[in-house]
Amino acid sequence: MNEVEQLRKIIGESNNIVFFGGAGVSTESGIPDFRSVDGLYHQKYDYPPETILSHTFYRRKPEEFFRFYKDKMLCLSAKPNVAHRKLAEWEKEGKLKAVITQNIDGLHQAAGSKEVLELHGSVLRNYCEDCGAFYDAEYVLHADGVPRCEKCGGPVKPDVVLYEEGLNQETLDKAVRYIREADVLIVGGTSLVVYPAAGLIDYYRGNKLILINKTPTARDQMADLVVTGSIGEIFSQL
Ligand SMILES: [Zn+2]
1 MNEVEQLRKI IGESNNIVFF GGAGVSTESG IPDFRSVDGL YHQKYDYPPE TILSHTFYRR
61 KPEEFFRFYK DKMLCLSAKP NVAHRKLAEW EKEGKLKAVI TQNIDGLHQA AGSKEVLELH
121 GSVLRNYCED CGAFYDAEYV LHADGVPRCE KCGGPVKPDV VLYEEGLNQE TLDKAVRYIR
181 EADVLIVGGT SLVVYPAAGL IDYYRGNKLI LINKTPTARD QMADLVVTGS IGEIFSQL
């Protein structure tokens, strides 16, 4: 049996699968990984993405923050890909318990997934910092410069976790619970070097840890099955 056949067999036999996904799941829907800095950034922005997407920067230079954010983080025309759809299907069939994601694009929900733990929040939710009013992503995208609340004029902040900001503890606790109780843990589209991915998978206690990634990850040694390839390529064979 090759790796994909082994994976197919493991999935077929389980009804307690948890999927943990990183940027690689979204890039195949055309959403760029902001961490992969290309020449464009250097021409258009004076700071690296990690600086722009920090809490300090958001406070000090909101205009510049939103210029980058609207340009690089809001890809509202992106559609779910085969991996998103397959995971939603498994949940409906009662095989998959939860999707834990580091992505902020809402594509798992768009594909029909119900139990989605968004560790880094979502661009689809935005709140006035003063009165708490909700705004959708379109509102932020079309705002002139820094989005302002229609009701009170306060700044509207995307519900995404910026650098220097802590993760939502409730979401994190839930993710730990799902991972700890999972029969099969599939980790895809992440090289497992960025916090909290690396730490979270240590909670897994089973013997079916599956890593799907294009390139080797920091945890290949501890995996029970390593499947090399893009998420889309592998999921389309399942
Ligand atoms: Zn307000």
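Read in UniProt numbering, the sequence shown has 181 at position 181, and its numbers run on one by one without any break.
We put the beta carbon where it would ideally sit given N, CA and C, even for glycine.
Comparing C-alpha positions only, which one of the options sits nearest to residue i?
| i | options | result |
| --- | --- | --- |
| Leu124 | Glu233, Ala137, Glu150, Asp130 | Ala137 |
| Gln109 | Thr56, Ala218, Arg85, Glu129 | Arg85 |
| Gly106 | Val116, Ala98, Glu3 | Val116 |
| Tyr203 | Ile179, Pro196, Asp220 | Ile179 |
| Tyr69 | Asp33, Gln102, Ala88 | Asp33 |
| Ser191 | Pro62, Met1, Ser230, Gln169 | Ser230 |
| Arg205 | Arg177, Pro48, Asp71, Leu172 | Arg177 |
| Pro48 | Ser236, Ile234, Tyr163 | Tyr163 |
| Tyr45 | His55, Gly30, Arg59, Glu63 | Glu63 |
| Ala143 | Ala182, Asp71, Ala198 | Asp71 |
Secondary structure at residue i, three-state DSSP: helix, strand or coil?
| i | result |
| --- | --- |
| Asp220 | helix |
| Arg180 | helix |
| Tyr69 | helix |
| Lys95 | coil |
| Val116 | strand |
| Asp159 | strand |
| Ser122 | strand |
| Ile104 | coil |
| Val193 | coil |
| Ile17 | strand |
| Ile31 | coil |
| Thr228 | strand |
| Glu3 | helix |
Using beta-carbon positions only, say whether residue i and residue j come within less than 8 Å of one another.
| i | j | result |
| --- | --- | --- |
| Lys214 | Gly24 | yes |
| Glu91 | Ser77 | no |
| Glu3 | Gly232 | no |
| Asn126 | Pro158 | yes |
| Gly145 | Phe57 | no |
| Phe19 | Leu141 | no |
| Tyr99 | Gly22 | A quick correction: the sequence has Val, not Tyr, at residue 99. No, Cβ-Cβ distance for Val99 and Gly22 is not below 8 Å. |
If we ignore side chains and look at the alpha-carbon of each, how far apart do residue i and residue j end up?
| i | j | result |
| --- | --- | --- |
| Val193 | Leu53 | 18 Å |
| Ala88 | Tyr135 | 26 Å |
| Gly166 | Ile17 | 27 Å |
| His120 | Lys151 | 27 Å |
| Ile201 | Leu74 | 28 Å |
| Lys79 | Leu172 | 26 Å |
| Val82 | Gly153 | 41 Å |
| Asn103 | Glu118 | 7 Å |
>> For the structure I just gave you, are there three or more beta carbon pairs, one from the stretch 201-209 and one from the stretch 181-191, closer than 8 Å?
In response: Touching, yes.
> Is the stretch 219-235 touching the stretch 6-14, taking contact as three or more C-beta pairs under 8 Å?
Replying inline: In short, these stretches touch, since the Cβ pair count reaches three.
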